[in-house]
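The sequence shown begins at 2 in my numbering and counts up by one.
No residue lacks a Cβ here, since even glycine has one placed at the ideal position from N, Cα and C.
If you're wondering where the values come from, they're calculated on a predicted model, not measured in any experiment.
To start, the structure itself, in structure tokens.
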Amino acid sequence: MTVSRTVELEGHIIDSGTMARCFGAVMDLGGEFDVEAFEVGRHKHEESYCRMAVSAESEADLRAILHELNQNGATVADPRDATLEPAPADQVVPIDFYSTTNHPTEVRVDGEWIPVENVEMDCALVVTRAEDEADEVRVRTRVLNAIEESDLVVTGETGIRVDPPERPRGKGSAFGFMQGGVSSERPSKSLIEEIADEMRDVAERDGNVLVVCGPAIVHAGGREALADLVREGYVDALSAGNGFAVHDLERDLYGTSLGVDTETLEHPRKGHKHHIYTISEIGRAGGIEAAVDAGIVDSGVMYECVANDVPYVLAGSIRDDGPLPDTITDSIEAQDAIREQAQQADLVLMLSTLLHSVAVGNCLPSTTKTVCVDINPATVTQLLDRGSAQAIGMVTDIGTFLPMLAEELLEDEA
Numbered sequence: 002m003t004v005s006r007t008v009e010l011e012g013h014i015i016d017s018g019t020m021a022r023c024f025g026a027v028m029d030l031g032g033e034f035d036v037e038a039f040e041v042g043r044h045k046h047e048e049s050y051c052r053m054a055v056s057a058e059s060e061a062d063l064r065a066i067l068h069e070l071n072q073n074g075a076t077v078a079d080p081r082d083a084t085l086e087p088a089p090a091d092q093v094v095p096i097d098f099y100s101t102t103n104h105p106t107e108v109r110v111d112g113e114w115i116p117v118e119n120v121e122m123d124c125a126l127v128v129t130r131a132e133d134e135a136d137e138v139r140v141r142t143r144v145l146n147a148i149e150e151s152d153l154v155v156t157g158e159t160g161i162r163v164d165p166p167e168r169p170r171g172k173g174s175a176f177g178f179m180q181g182g183v184s185s186e187r188p189s190k191s192l193i194e195e196i197a198d199e200m201r202d203v204a205e206r207d208g209n210v211l212v213v214c215g216p217a218i219v220h221a222g223g224r225e226a227l228a229d230l231v232r233e234g235y236v237d238a239l240s241a242g243n244g245f246a247v248h249d250l251e252r253d254l255y256g257t258s259l260g261v262d263t264e265t266l267e268h269p270r271k272g273h274k275h276h277i278y279t280i281s282e283i284g285r286a287g288g289i290e291a292a293v294d295a296g297i298v299d300s301g302v303m304y305e306c307v308a309n310d311v312p313y314v315l316a317g318s319i320r321d322d323g324p325l326p327d328t329i330t331d332s333i334e335a336q337d338a339i340r341e342q343a344q345q346a347d348l349v350l351m352l353s354t355l356l357h358s359v360a361v362g363n364c365l366p367s368t369t370k371t372v373c374v375d376i377n378p379a380t381v382t383q384l385l386d387r388g389s390a391q392a393i394g395m396v397t398d399i400g401t402f403l404p405m406l407a408e409e410l411l412e413d414e415a
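The following block contains the structure:
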């Protein structure tokens, strides 16, 4: 005996491959489907529609299939309100809680579809009602360690609809749906112009550009160009690890990065100790801002962040030297700080850092535009696969990319 449910797909489901993925998911999970209605959009902006009955041998098998279809944008034809269960304890979610994607999502509560706030992957969904307005319902993502006892958590697949990005018909920009791909050649001037145009657009509409930085920016000679972009207002927030800040500050204090003179490539005597001396000097001053205020540090990316009130998050790791007083060493606290940055970003530049970029990417909705630049093609590919629907990847030297980007952005002002 089989069980079945009817689901619907609507949008550019053919172009984006959504329909094929849904058909494949049903068969891969041992189910069957019967297409009851299929309407093909015949014009550029016309959407397609598909209704199909999905069947499986058991309720458990059907739930697994419906979960996979839900992740790909299919919705149950006869929607019911989402199932809400109270969390049994702090940091404990109910069994069968709904685990989120990074796509725009809505939850049906009291017959109304409520948009999920702060969309993020691998979270629970918590429903709240305003104490002073009984009718106001909010649905927010919440990481598991932030769950509190009695929070109303969404469980199962009922009453949830996901809107994954689709491939629109027609030619778009370099940030078009999944079309950025990976370029392994010297930075293309036209592609950098597209990125610069996007950064100008974000600045003009008072948006937010988040830059995720790795130490290679300093080693490869991109530090001054990035500092110029911060000073001229093209960077609204910076996310990095302890290493980036240390080597940026080391370059200012000693003229070296990891003990190597970035201009002559010579190794000064005791140069290998410069990074730890830098941490000591900044600690003695009381932190980066205090060092800038005291005139100890007077150039570089961190200097420009302090001088221009650009907020930064330095997230520590187990391998950090020192670390700097400004580095957040509590990993949960660092996650929360990164999450706040990611939720405000309209455009993210991930520059020569895999692990830190993955951390930021995990907090981003799929709709956030992303640029990934690294000399290692595996790094760029992995970052592009994090789930962003609008991403550009470039396999190139960051010391070449950043000066070209700064020149493109700043030449008009000059």
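According to DSSP, simplified to helix, strand and coil, what is residue i?
i	result
Ser49	strand
Arg206	coil
Lys271	coil
Gly181	Only weak support is given to the placement of Gly181: the predicted model assigns it a pLDDT of 47, under 50, and the value that follows is read from those uncertain coordinates. Reduced to three states, the DSSP call for Gly181 is coil.
Glu126	The question names Glu, but residue 126 in the sequence shown is Leu. Residue state, collapsed to three classes: strand.
Ser318	coil
Arg81	coil
Tyr304	helix
Gly12	strand
Tyr278	helix
Gly284	helix
Thr7	strand
Leu325	coil
Gly74	coil
Glu194	helix
Output the distance between the C-alpha atoms of residue i and residue j, rounded to the nearest integer angstrom.
i	j	result
Tyr313	Asn209	13 Å
Thr84	Glu9	20 Å
Leu254	Asp229	19 Å
Arg311	Pro87	The sequence given here has Val at residue 311, not Arg. Distance between the alpha carbons of Val311 and Pro87: 40 Å.
Met200	Ser17	27 Å
Arg6	Leu365	32 Å
Leu153	Val127	5 Å
Thr1	Gly223	The question about residue 1 has no answer, for the chain in this structure spans 2 to 415.
Arg252	Gly317	20 Å
Ala57	Leu63	5 Å
His357	Asn243	11 Å
Leu239	Ser49	41 Å
Ala346	Arg139	22 Å
Gly25	Arg141	31 Å
Arg109	Glu195	39 Å
His275	Ala241	20 Å
Val361	Thr3	43 Å
Asn119	Ile339	13 Å
Gly287	Arg143	34 Å
Between which two residues does the alpha helix (DSSP H) harbouring residue i extend?
i	result
Leu259	Leu259 -> no alpha helix (DSSP H), and no H or E assigned at all.
Cys23	Thr19 to Asp29
Glu290	Ile289 to Asp294
Val359	Leu355 to Gly362
Ile339	Ser332 to Gln345
Ala228	Arg224 to Arg232
Leu145	Run containing Leu145: none; DSSP gives neither H nor E here.
Met407	The sequence as given places Ala at residue 407; Met does not occur at that position. Segment Ile399 to Leu411, the alpha helix (DSSP H) holding Ala407.
Leu365	Run containing Leu365: none; DSSP gives neither H nor E here.
Under the rule that 16 or more other beta-carbon atoms within 10 Å means buried, what is residue i, buried or exposed?
i	result
Glu412	exposed
Ile193	buried
Pro89	exposed
Leu250	buried
Glu158	buried
Lys370	buried
Gln72	buried
Arg206	exposed
Glu305	buried
His273	exposed
Arg187	Reliability fails at Arg187, whose pLDDT of 49 lies under 50, so the model's placement of it is uncertain and the value that follows must be treated cautiously. Exposed, since its Cβ has fewer than 16 Cβ neighbours within 10 Å.
In terms of residues, what are the limits of the beta strand (DSSP E) holding residue i?
i	result
Ile115	Glu113 to Glu118
Ile393	Ala392 to Val396
Gly42	First-last for Gly42: undefined, no H or E at that position.
Val219	Unbroken run through Val219 is the alpha helix (DSSP H), Ala217 to His220; no beta strand (DSSP E).
Going by beta-carbon coordinates alone, are residue i and residue j separated by less than 8 Å?
i	j	result
Gln92	Ile15	no
Ala217	Ser353	yes
Pro80	Gly160	yes
Val36	Met53	yes
Cys51	Met28	no
Glu409	Ala197	yes
Asn146	Glu121	no
Ala125	Val94	yes
Gln383	Leu355	yes
Met395	Val213	no
Leu227	Val298	no
Ser332	Pro166	no
Ile289	Leu325	yes
Can residue i be considered in contact with the ligand NAD, in the sense that its beta carbon sits closer than 7 Å to one or more heavy atoms?
i	result
Val231	Judged by which ligands are present, the structure shown has none, so any question about the ligand NAD falls away.
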